[in-house]
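With positions in the sequence shown counted from 1, the corresponding number in the working numbering is that position plus 3.
Encoded as structure tokens, the structure appears first; notes follow it.
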Amino acid sequence: MKEQADSSHVSGGYLVARPVAREGTFWDASLVPATLWTASDCLASVAPDTWALEWVHMEEAERLTEAEDFDLPRDRVPELISWATSRFDQDFGWPNVFLTLAAAREFCARFVPGDSDAAILGLALAREDADDFLQRCTPGEREGAPGVYQCLMRRQEPEAGGQLLGSEVLGFDHGSFHSSLCNALERDFAAKFGARPNAQGLYDDHSLARQCAAHVDRGEVGAEPCVWRAWALTRYAR
């Protein structure tokens with residue numbers, strides 16, 4: 004694997020996520036590895052999320068359940084909520100994206116257990132895709148800007164020091180991501196483009212991943228009607 008996405012990419016922020024286990028027969032076991040990485044919170048456990056914001060209406064028991072699903076200590080949840088709320092729109096953006104690598108690392112150092120399998124995943128979009136993406140995803144007059152949108156607007160390169168895992172075909176939907184895996188499109192990509200996921204469940208050839216994303220974005224496969232692009236995922240040490 005390459006060291007990381009290069010200067011041809013624009014940072015879309017950083018997630019703290021756990022790996023996902025392949026279960027059942029929904030995904031093709033000949034294509035999808037037993038354990039994979041994804042930026043989609045439809046599939047992966049990501050922290051913190053909206054449950055960590057004080058002003059989001061949610062019962063305390065629900066917040067604790069969400070934290071426990073990520074193996075976060077119950078007794079640290081009030082402190083975590085205070086931290087995430089105070090840093091919202093400064094270091095932490097809607098719904099679950101850190102605007103800087105430093106903020107993601109600070110969160111991990113303070114709240115994520117040392118033996119956790121969670122990792123920091125950097126998101127990056129090819130520069131030639133960024134302007135069109137930003138235009139199509141411009142927030143409405145009464146809408147706030149999601150964290151990914153805020154990061155892309157800065158036009159900053161991904162932070163150095165990470166390991167590129169591959170590219171994922173993701174659909175952007177009001178701040179969150181759907182993955183092509185949410186729609187079991189790995190068979191379709193393999194048949195039409197010869198694209199096969201690597202050991203991380205991602206695609207090594209970014210240009211091929213872009214072809215797959217354009218195919219989904221045209222609405223020909225019945226996936227969620229959102230903006231589909233190929234995103235480079237880079238893993239960083241916590």
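C-beta: ideal position from N, C-alpha, C; glycine also.
Enumerate in chain order the residues of its own chain whose CB-to-CB distance from HIS259 is below 6 Å, with the five nearest sequence positions on each side excluded. There is no way to answer for residue 259, as the model of the chain reaches only from 4 to 241.
Which of helix, strand or coil does DSSP assign to SER210? Locating residue 210 in the sequence shown gives position 207, counting from the first residue. SER210: helix per DSSP, three-state reduction.
Can you name, in chain order, every residue of its own chain whose Cβ lies under 6 Å from the Cβ of PRO36, other than the five neighbours on each side? Looking up residue 36 in the sequence shown gives position 33. Only ALA202 and GLY204 meet the Cβ criterion.
Do you know how far the Cα of ALA240 is from the Cα of GLU227? Indexing the sequence shown from 1 puts residue 227 at position 224. Indexing the sequence shown from 1 puts residue 240 at position 237. Those two C-alpha atoms are separated by around 32 Å.
Over the uninterrupted alpha helix (DSSP H) stretch that includes SER85, give me the two end residues. Start at 1 with the first residue of the sequence shown, and residue 85 comes out as number 82. Looking at the DSSP string, the run of the alpha helix (DSSP H) that includes SER85 is 80-89.
Considering only their Cβ atoms, is the gap separating ILE84 from ALA55 smaller than 7 Å? In the sequence shown, residue 55 corresponds to position 52, counting from 1. In the sequence shown, residue 84 corresponds to position 81, counting from 1. Cβ atoms of ALA55 and ILE84: closer than 7 Å.
Scan the stretch 17-48 and note each continuous alpha helix (DSSP H) run of 4 residues or more that stays entirely inside, going in chain order. none
The stretch 97-112 contacting the stretch 70-81, beta-carbon criterion three pairs below 8 Å: no
Measuring only the C-alpha atoms, how far is SER43 from TRP86? Residue 43 sits at position 40 when you count from the first residue of the sequence shown. Residue 86 sits at position 83 when you count from the first residue of the sequence shown. The straight-line gap from Cα to Cα measures roughly 23 Å.
May I ask you to list the residues that DSSP assigns as paired with ARG238? Here residue 238 refers to the residue found at position 235 when the sequence shown is read from its first residue. Bridge partners of ARG238: LEU124 and GLN166.
Under the assumption that GLY125 contacts THR237 (Cβ atoms under 8 Å), give the Cβ distance between them as a whole number of angstroms. Against the sequence shown, residue 125 aligns to sequence position 122. Against the sequence shown, residue 237 aligns to sequence position 234. With 8 Å as the limit, GLY125 and THR237 qualify as a contact, their Cβ atoms being about 4 Å apart.
Going by C-alpha distance, which of ARG79, GLN138, LEU128 and ARG158 is nearest CYS111? Here residue 111 corresponds to residue number 108 of the sequence shown, with the count starting at 1. That would be ARG79, whose Cα lies nearest to the Cα of CYS111.
Other residues of its chain near PHE136: CB distance less than 8 Å, five sequence neighbours each side excluded: For the purposes of this step, residue 136 is taken as the residue at position 133 of the sequence shown. Excluding positions up to five away in sequence, the list reads LEU128, LEU155, PHE175, VAL230 and ARG232.
Using the rule of at least 16 other Cβ atoms within 10 Å of the residue's Cβ for burial, across every protein chain shown, is PRO81 buried or exposed? Along the sequence shown, read from residue 1 onward, the residue named residue 81 stands at position 78. Exposed, since its Cβ has fewer than 16 Cβ neighbours within 10 Å.
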